[in-house]
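Presented below is the structure to which this report refers.
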Amino acid sequence: MTTQSSEAAAGHAAEVAEKGMPQLDFSTFPNQIFWLLVTLVVVYLILTKLALPRISSVLAERQGTITNDLAAAEELKRKAEDAEGAYNKALADARAEAQRIATETRAEIQADLDRAMEKANAEIAAKSAEAAKAIAEIRESAMETVKDVAADVARDVVVALGGKADKRSITAAVNARLKG
Amino acid sequence: MAAEAEGGTGLVFHPMKQFKIEPLFGEGPIHWYTITNQTLWMALAVLTIFLLLVVGTSRRALVPSRIQSVGELAYGFIYRMVEDVVGKDGVKYFPYVMTLFMFIVVSNFLGLIPFSFTTTSHIAITAVLALLVFVGVTILGFVKNGIGFLKLFWVSSAPAALRPVLAIIELISYFVRPVSHSIRLAGNIMAGHAVIKVFAGFAAVLAIAPLSLLGVVAMFGMDMLVAFVQAYVFTILTCVYLKDALHPSH
Chain A
1 MTTQSSEAAA GHAAEVAEKG MPQLDFSTFP NQIFWLLVTL VVVYLILTKL ALPRISSVLA
61 ERQGTITNDL AAAEELKRKA EDAEGAYNKA LADARAEAQR IATETRAEIQ ADLDRAMEKA
121 NAEIAAKSAE AAKAIAEIRE SAMETVKDVA ADVARDVVVA LGGKADKRSI TAAVNARLKG
Chain B
1 MAAEAEGGTG LVFHPMKQFK IEPLFGEGPI HWYTITNQTL WMALAVLTIF LLLVVGTSRR
61 ALVPSRIQSV GELAYGFIYR MVEDVVGKDG VKYFPYVMTL FMFIVVSNFL GLIPFSFTTT
121 SHIAITAVLA LLVFVGVTIL GFVKNGIGFL KLFWVSSAPA ALRPVLAIIE LISYFVRPVS
181 HSIRLAGNIM AGHAVIKVFA GFAAVLAIAP LSLLGVVAMF GMDMLVAFVQ AYVFTILTCV
241 YLKDALHPSH
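Residue numbers (the working numbering), protein chains in the order written: chain A, 1 to 180; chain B, 1 to 250.
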């Protein structure tokens, strides 16, 4: 098919188009094969002497770097986790300590308070007993005074009414009245 | 297609002219040492490989530049292919496989440059490449396994009665390997380039010029794919043959 089309073209421009496929022109084969072998040897030498060792070393180096970096990252992550654990532990300890101090302080304050209350109660009791005694005394003395005043008043009333003031009977009468 | 071209329009097609080998300097017959357009493009392929794999990696950057990462990609691609297909003991043949792959893939892609010459479209080139693989692999097989290399043709998993028949088939298929190996590559590359030329020839007719341009673009994209895939196929088949030589038992 390709040969046909090439031949058809040759009809138009015989001097331009050659007959058949250039691929099958055996006269060029030695030339092609010779230069191909030269090319292959050169490519092989370029690859084995320069390119492949270099690329493989670059790849190995990169692999090494990545591995190292991953290990370092792992290490750092572990350290961060440790630090977080230590921090949490310190926090919990501090919280427990604070709790303990608060409880202790509260107990201390309670004890102080109780002591003060007791003392105050005792003082109050003593004071009120004293006061009761003083009141009793005052009442006693007041009673005496009332008797005297009542006797005086009664005598004066009797005298004013023209009676005879008998001190003993008046006192007896006043005492009888006060008792009644 | 040729008949259509001749009918009425008077279009001129030279789809095969691009493959013609001519002396680069002056006229005259082509001797074995003559520098031709093909020699020039093989030299350019060598230069490209040098620029890509040697100059591109010269900075040995830990974080690669674009060219360096292309080189590293090619290295890793072929290295893994050899390792996966041939096995650990095949790694020492990696430089040879890499040489073949780089030469073919670079030649294929250089051939896609307009007005360039496609080295790998020539059957002489691909036949030599395939024969190097064939002869090399056969010698390697006998050196590594001695006479045991012939077990490659003796399918021990088949029923005993079938084995002689299979051995003949295996033997024929073994000798057909270099033929298919070389014609596959040259044929694909040549056909792709010829079809582009034919499409381009139609561009001379105004009415179908847009369609022809579209065809050229589509074929060019297709040929980019073929350029890589054929290099890949050639290389992986080389690896498969190498594996057969190192581990001939089925």
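The beta-carbon is built from N, C-alpha and C at its ideal position, and this holds for glycine as well.
Could you confirm whether any beta carbon from chain A is found closer than 8 Å to the beta carbon of B:Q230?
Judged by the 8 Å Cβ criterion, B:Q230 is not in contact with chain A.
Spatial neighbours of B:E22 within its chain, please: C-beta separation below 7 Å, excluding the five flanking residues on both sides.
Within the same chain, B:E22 has close Cβ partners T36 and N37.
Excluding the five sequence neighbours on either side, which residues of its own chain have a C-beta within less than 6 Å of the C-beta of B:K151, listed in chain order?
Here the set comprises P248 and S249.
The alpha helix (DSSP H) that contains B:V119, what's its start and end?
According to the sequence displayed, residue 119 of chain B carries Thr and not Val. Counting along the chain, B:T119 falls outside any alpha helix (DSSP H), and DSSP gives it neither H nor E.
Is A:L47 close to chain B, meaning its C-beta is less than 8 Å from at least one C-beta of that chain?
Yes - at least one Cβ of chain B is within 8 Å of the one on A:L47.
Can you check whether the C-beta of B:I196 is within less than 8 Å of a C-beta belonging to chain A?
For B:I196, the answer is no, since every Cβ of chain A falls outside 8 Å of its Cβ.
Going by DSSP, name the residue or residues bridged to B:P23.
In the DSSP output, where bridge partners are listed per residue, B:P23 has B:T36.
Give a yes or no on contact between the region 45 to 57 of chain B and the region 204 to 214 of chain B, applying the rule of three or more CB pairs nearer than 8 Å.
With the cut-off at 8 Å, the region 45 to 57 of chain B and the region 204 to 214 of chain B do not touch.
If you compare alpha carbons, which of B:G221, B:V12, B:K17 and B:I67 is closest to B:S116?
With distances taken between Cα atoms, B:S116 lies closest to B:K17.
If we define contact as Cβ-Cβ less than 8 Å, is A:Q23 a contact residue for chain B?
Output row for A:Q23: interface = yes.
Taking the alpha-carbon positions, what's the B:H43 to B:A160 distance?
For the sequence presented, residue 43 of chain B should be read as Ala rather than His. For B:A43 and B:A160, the distance between alpha carbons rounds to 53 Å.
For B:P64, collect the residues of the same chain with a Cβ closer than 7 Å to its Cβ; drop the 5 residues on either side in sequence, then sort them by chain order.
Once the five neighbours on either side are set aside, the close Cβ partners of B:P64 are E72.
Considering just the uninterrupted stretch of the alpha helix (DSSP H) at B:V216, what are its terminal residues?
That run of the alpha helix (DSSP H) goes A209 to L246.
Quick check on DSSP: helix, strand or coil for A:S56?
A:S56 falls in the helix class under three-state DSSP.
If we ignore side chains and look at the alpha-carbon of each, how far apart do A:A142 and A:D148 end up?
Taking the straight line joining both Cα atoms gives about 10 Å.
Could you work out which residue in B:V135, B:R59, B:A124 and B:A231 is closest to A:P30 when comparing CA atoms only?
It is B:A124.
Within 8 Å (strictly less), CB to CB, does A:Q32 reach chain B?
True, the Cβ-Cβ gap to chain B drops below 8 Å.
Helix, strand or coil for B:H31 per DSSP?
Here B:H31 sits in coil by DSSP.
Report back the beta-carbon spacing between B:L131 and B:P95 to the nearest angstrom; my notes put them in contact at under 8 Å.
Not a contact, Cβ separation roughly 19 Å.
Among the residues of its own chain, which have a CB less than 8 Å from the CB of B:E6, if the five just before and after it don't count?
In this predicted model, B:E6 has a pLDDT of only 44, less than 50, meaning its place in the structure is not dependable enough to derive any value.
Shorter than 8 Å from the beta carbon of B:L237 to some beta carbon of chain A?
Output row for B:L237: interface = no.
With a threshold of 8 Å between beta carbons, is A:L91 in contact with chain B?
Not closer than 8 Å to any Cβ of chain B, the Cβ of A:L91 fails to qualify, so no.
Can you grab the Cα-Cα spacing for the pair B:I139 / B:G87, in whole Å?
Computed Cα separation, rounded: 19 Å.
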